[in-house]
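Number of protein chains: 2
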Amino acid sequence: MDRIGFVGLGIMGRPMVKNLLAAGFPVTVWNRSRPGIDECVAAGAQEAESPQAVAADADVLITIVTDSPDVEQVVLGGGESPPAAIEGLAQGSVLIDMSTISPSVTRHISDVLAAKGVAMLDAPVSGGDAGAIAGTLSIMVGGDADIVARCQPILEVMGKTITHVGPVGAGQTVKLCNQVAIAGALTGVCEALTLAQNSDVDPAKMLDAISAGAAGSWQMSNLGPRMVDRDFAPGFMVKLLQKDLRLALGAGGEVGQPLPVTALVNQLFHHLEAGGAGDEGTQALVRVVETLGMTEVRRRA
Amino acid sequence: MDRIGFVGLGIMGRPMVKNLLAAGFPVTVWNRSRPGIDECVAAGAQEAESPQAVAADADVLITIVTDSPDVEQVVLGGGESPPAAIEGLAQGSVLIDMSTISPSVTRHISDVLAAKGVAMLDAPVSGGDAGAIAGTLSIMVGGDADIVARCQPILEVMGKTITHVGPVGAGQTVKLCNQVAIAGALTGVCEALTLAQNSDVDPAKMLDAISAGAAGSWQMSNLGPRMVDRDFAPGFMVKLLQKDLRLALGAGGEVGQPLPVTALVNQLFHHLEAGGAGDEGTQALVRVVETLGMTEVRRRA
Numbered sequence: 250m251d252r253i254g255f256v257g258l259g260i261m262g263r264p265m266v267k268n269l270l271a272a273g274f275p276v277t278v279w280n281r282s283r284p285g286i287d288e289c290v291a292a293g294a295q296e297a298e299s300p301q302a303v304a305a306d307a308d309v310l311i312t313i314v315t316d317s318p319d320v321e322q323v324v325l326g327g328g329e330s331p332p333a334a335i336e337g338l339a340q341g342s343v344l345i346d347m348s349t350i351s352p353s354v355t356r357h358i359s360d361v362l363a364a365k366g367v368a369m370l371d372a373p374v375s376g377g378d379a380g381a382i383a384g385t386l387s388i389m390v391g392g393d394a395d396i397v398a399r400c401q402p403i404l405e406v407m408g409k410t411i412t413h414v415g416p417v418g419a420g421q422t423v424k425l426c427n428q429v430a431i432a433g434a435l436t437g438v439c440e441a442l443t444l445a446q447n448s449d450v451d452p453a454k455m456l457d458a459i460s461a462g463a464a465g466s467w468q469m470s471n472l473g474p475r476m477v478d479r480d481f482a483p484g485f486m487v488k489l490l491q492k493d494l495r496l497a498l499g500a501g502g503e504v505g506q507p508l509p510v511t512a513l514v515n516q517l518f519h520h521l522e523a524g525g526a527g528d529e530g531t532q533a534l535v536r537v538v539e540t541l542g543m544t545e546v547r548r549r550a
Numbered sequence: 250m251d252r253i254g255f256v257g258l259g260i261m262g263r264p265m266v267k268n269l270l271a272a273g274f275p276v277t278v279w280n281r282s283r284p285g286i287d288e289c290v291a292a293g294a295q296e297a298e299s300p301q302a303v304a305a306d307a308d309v310l311i312t313i314v315t316d317s318p319d320v321e322q323v324v325l326g327g328g329e330s331p332p333a334a335i336e337g338l339a340q341g342s343v344l345i346d347m348s349t350i351s352p353s354v355t356r357h358i359s360d361v362l363a364a365k366g367v368a369m370l371d372a373p374v375s376g377g378d379a380g381a382i383a384g385t386l387s388i389m390v391g392g393d394a395d396i397v398a399r400c401q402p403i404l405e406v407m408g409k410t411i412t413h414v415g416p417v418g419a420g421q422t423v424k425l426c427n428q429v430a431i432a433g434a435l436t437g438v439c440e441a442l443t444l445a446q447n448s449d450v451d452p453a454k455m456l457d458a459i460s461a462g463a464a465g466s467w468q469m470s471n472l473g474p475r476m477v478d479r480d481f482a483p484g485f486m487v488k489l490l491q492k493d494l495r496l497a498l499g500a501g502g503e504v505g506q507p508l509p510v511t512a513l514v515n516q517l518f519h520h521l522e523a524g525g526a527g528d529e530g531t532q533a534l535v536r537v538v539e540t541l542g543m544t545e546v547r548r549r550a
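Line by line, the protein sequences give chains Z and W. Quick note on our numbering: the first sequence kicks off at 250 and runs consecutively. Quick note on our numbering: the second sequence kicks off at 250 and runs consecutively.
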């Protein structure tokens, strides 16, 4: 059974580690901060003192951290980083990066690792912490088919839908496409709700009337009701979607693909970040559009 | 059984008349052009010589024409119109306008009719010609509850989901909200597909990977596959969605609600109209976004 190293013990990483332990994999962990480590050690993980040390003990190293520079620092090192994973990874081992980061940074890291005989998969996820806990994440995988096959038993512990979408970097591209599609659908819901509210039509009735038809979407069915009930608790945080939209716009820029609606939505979200609402759920976007129309979307009693 | 008058025998009106006839309602029809009349008369309808004559024979008059000026002309007359419905409608009769038009024009027509003792419902539909043929349209109804109740047996012949959303005009508002939500979701799909294509990722695989999750929508599931297969046959025509987006932007303007994404999508569609593609399906929007990125979205062999 593969020995697994795991770096990044946040809201996603911790339940993923527990599921790997429960499936019988030996797991060694490292994290920048303490609480995640303690929780995973209590669940049966070994602690190591650096990304290098985690990597040295692992056949497969999994990373799930925030952004491109975080993955670069953990894997390749530089600056005042602790000893990096690349100094520990043995020839024939595999890095699975499950963070959502830049496709081009992903390919750069993969190239550097390949020169040391280390393979890489990019395997970003969707499904949130609920999916991580239940082991039902959707995982979009980029990399060589034989490496994907080798890692399939590990991925299946964490996810229900595992889709191999292309070579290294393709997993990240597909994840960013996912966020781009979300941005459009989400904003359509916000504009529909504010038009109804400002036209003296019950926005909740409007949603009921249109959700099952051609205007319907996951965003409408799941976030529309929270908007009309003024429930802005995070399923997915504004600041994290903003990070992803910046990555998508950057990736579009690198390949010469303008994304005008994504860019506009990214701009609208700045209103929430400026107002200190970056930790709220993405459904708070409705507050930006209603501010434009000087109204407040609210279900009628 | 109510005697029904029906004005507007286009791709939607004709099957709706046939369903009313099949349900046993006597139907008198009028239309600007000949083929729709002949088809409905062959199915058992009576022909009348003007909107006035149709209205004079009807307890309930149904209109389904293209745009606000068309409804005004048929119902209120003016200019070189044939004698208008208002000259024939008896006190206690009802107008059901099933066109998609301006909410404020709807309220104006309703006010003029009310002064003559004629009630009005606005009852725009979604579901396309397939829904009209099957009698499974979604109907969004604005008007007084007692009038909605009175007309329910008629509406149920044409639609499966009949939602009373508020007073006169509210049906039109909800229909425009529907189109606004569609605009956002549709454009998100187009941007996601072009980002994948320009990043050398199979856009069809990308769709497969994300359609079941938080990025999913009716637009993605139904129009995404047509985009990657370069199938631009109309489900719903570009020029008709453009008419509806103009109505939505106009309605937003009247109530002071900016709709920035809807406005942007409306602008992008101008590219297709300028290129003579107004009769294609709305999925042709992908051609605008791919033109921006100098690529062409296409399923990999």
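For glycine and all other residues, C-beta sits at the position ideal for the given N, C-alpha and C.
Under the assumption that Ser375/Z contacts Ile350/Z (Cβ atoms under 8 Å), give the Cβ distance between them as a whole number of angstroms.
At roughly 15 Å, the Cβ-Cβ gap does not stay under 8 Å, so Ser375/Z and Ile350/Z are not in contact.
Have a look at Gly473/Z and Ala441/W and give me their C-alpha separation to the nearest angstrom.
Gly473/Z and Ala441/W: Cα-Cα distance of roughly 22 Å.
Between Thr355/W and Ala372/W, what straight-line distance do the alpha-carbon atoms span, to the nearest angstrom?
When rounded, the distance between both Cα atoms is 11 Å.
Please go through the same chain and pick out, in chain order, the residues whose beta-carbon is closer than 6 Å to the beta-carbon of Thr410/W, but skip the five residues on each side of it.
The residues are Ser387.
At a Cβ threshold of 9 Å, is Gly376/W touching chain Z?
Taking Cβ atoms only, chain Z reaches closer than 9 Å to Gly376/W, which makes this a yes.
Give the secondary structure of Gly326/W by DSSP, where H, G and I count as helix, E and B as strand, and everything else as coil.
Coil at Gly326/W, not helix or strand.
Of the residues Gln491/W, Leu444/W, Asp451/W and Ala497/W, which one's Cα is nearest the Cα of Arg548/W?
Taking only the C-alpha atoms, the option nearest Arg548/W is Asp451/W.
Beta carbons nearer than 8 Å to chain W: which residues of the region 423-434 of chain Z have them?
The residues in question are Val423, Leu425, Cys426, Asn427, Gln428, Val429, Ala430, Ile431, Ala432, Gly433 and Ala434.
Check this for me: beta carbons of Gly391/Z and Gln421/Z, under 9 Å apart or not?
Going by C-beta atoms, Gly391/Z is nearer than 9 Å to Gln421/Z.
Quick check for students: name the residue ranges of the alpha helix (DSSP H) that lie wholly in the region 435-485 of chain Z, counting only runs of 4 or more.
The qualifying runs are 452-459 and 467-477.
Relative to the alpha-carbon of Thr412/Z, which residue among Gln428/Z, Ala394/Z and Val429/Z has its alpha-carbon at the smallest distance?
Nearest of Gln428/Z, Ala394/Z and Val429/Z to Thr412/Z, Cα basis: Ala394/Z.
Quick check on this structure: which residue in Glu522/W, Phe274/W and Ser342/W has the alpha carbon closest to the alpha carbon of Ile396/W?
For Ile396/W, the nearest C-alpha among the options comes from Ser342/W.
If you compare alpha carbons, which of Asp449/W, Ala453/W, Ala432/W and Cys426/W is closest to Leu449/Z?
What sits at residue 449/Z in the sequence shown is Asp, not Leu. The shortest C-alpha separation from Asp449/Z is found at Cys426/W.
For the structure I just gave you, are there three or more beta carbon pairs, one from the region 257-277 of chain Z and one from the region 397-409 of chain Z, closer than 8 Å?
Because the criterion of three Cβ pairs below 8 Å is met, the region 257-277 of chain Z and the region 397-409 of chain Z touch.
When the Cα of Thr511/Z is compared with those of Leu490/Z, Ala482/Z, Ala523/Z and Leu521/Z, which residue comes out closest?
Out of Leu490/Z, Ala482/Z, Ala523/Z and Leu521/Z, Leu490/Z has the C-alpha closest to the C-alpha of Thr511/Z.
Could you tell me which residues DSSP pairs with Val278/Z in its beta bridges?
Its beta-bridge partners are Phe255/Z and Glu296/Z.
Between the C-alpha atoms of His520/Z and Gln468/Z, what's the straight-line distance to the nearest angstrom?
Taking the straight line from one Cα to the other gives about 20 Å.
Residues in the region 335-367 of chain W with C-beta within 7 Å of chain Z's C-beta atoms, listed in sequence order?
Hits within the stretch, in order: Pro352.
What residues from chain W crowd round Gln506/Z, counting only those whose CB sits closer than 9 Å?
Simply Glu440, Thr443, Leu444, Gln446, Asn447, Ser448, Val538, Glu539, Leu541, Gly542, Met543 and Thr544.
Once you ignore the five residues that flank Pro264/Z on each side, which residues in its own chain have a CB closer than 6 Å to its CB?
Correct list, in chain order: Ala381 and Ile382.
Taking Cβ to Cβ, would you say Ser348/Z is nearer than 9 Å to Thr315/Z?
A contact, by the Cβ cut-off of 9 Å.
Might you give, ordered along the chain, the residues of its own chain that have their beta carbon closer than 7 Å to the beta carbon of Leu325/Z, omitting 5 neighbours on each side?
So the list reads Ala333, Ile335, Ile358 and Val361, once near-sequence residues are dropped.
Do Leu310/W and Phe255/W count as a contact pair if the criterion is CB distance below 9 Å?
Contact: yes.
Would Pro509/W count as contacting chain Z if we go by Cβ distances under 9 Å?
Yes, Pro509/W lies at the interface with chain Z (some Cβ there is under 9 Å from its Cβ).
Let me make sure I understand the geometry here. Which of Gly484/Z, Val537/Z and Thr544/Z has the alpha-carbon closest to that of Met261/Z?
For Met261/Z, the nearest C-alpha among the options comes from Gly484/Z.
Flag this pair as yes or no: are the beta carbons of Gly293/Z and Val276/Z separated by less than 9 Å?
Yes, these two residues count as a Cβ contact at 9 Å.
Do you know offhand how far Ile286/W's Cα is from Asp480/W's?
Their backbone Cα atoms lie some 32 Å apart in a straight line.
Anything in chain Z within Cβ reach of Met407/W, meaning under 8 Å, just list it in chain order.
Near Met407/W there are no residues of chain Z at all, since even the closest Cβ is about 15 Å away, more than 8 Å.
Based on DSSP bridge pairs, tell me the residues matched to Ala368/W.
Ala368/W is bridged to Val343/W.
Just checking, does the region 536-547 of chain W make contact with the region 500-510 of chain W on the three C-beta pairs under 8 Å criterion?
No contact exists between the region 536-547 of chain W and the region 500-510 of chain W.
Using only CA atoms, which one of Gln532/W, Pro284/W and Val278/W lies nearest to Met232/W?
The structure shown does not extend to residue 232/W, since chain W is modelled only from 250 through 550, so no value can be given for it.
Given a cut-off of 9 Å, decide if Ser466/W and Val438/W are closer than it, judged by their beta-carbon atoms.
Yes, Cβ-Cβ distance for Val438/W and Ser466/W is below 9 Å.
Considering only their Cβ atoms, is the gap separating Arg475/W from Ala464/W smaller than 9 Å?
The answer is no: Cβ separation not under 9 Å.
Taking the continuous alpha helix (DSSP H) assigned at Leu386/Z, which residues delimit it?
Element bounds for Leu386/Z: not the alpha helix (DSSP H) but the beta strand (DSSP E), Leu386 to Gly391.
Considering just the uninterrupted stretch of the alpha helix (DSSP H) at Leu489/Z, what are its terminal residues?
That run of the alpha helix (DSSP H) goes Val487 to Val504.
Once DSSP output is grouped into helix, strand and coil, what is the label at Thr511/W?
The answer is helix: DSSP assigns Thr511/W an H, G or I state.
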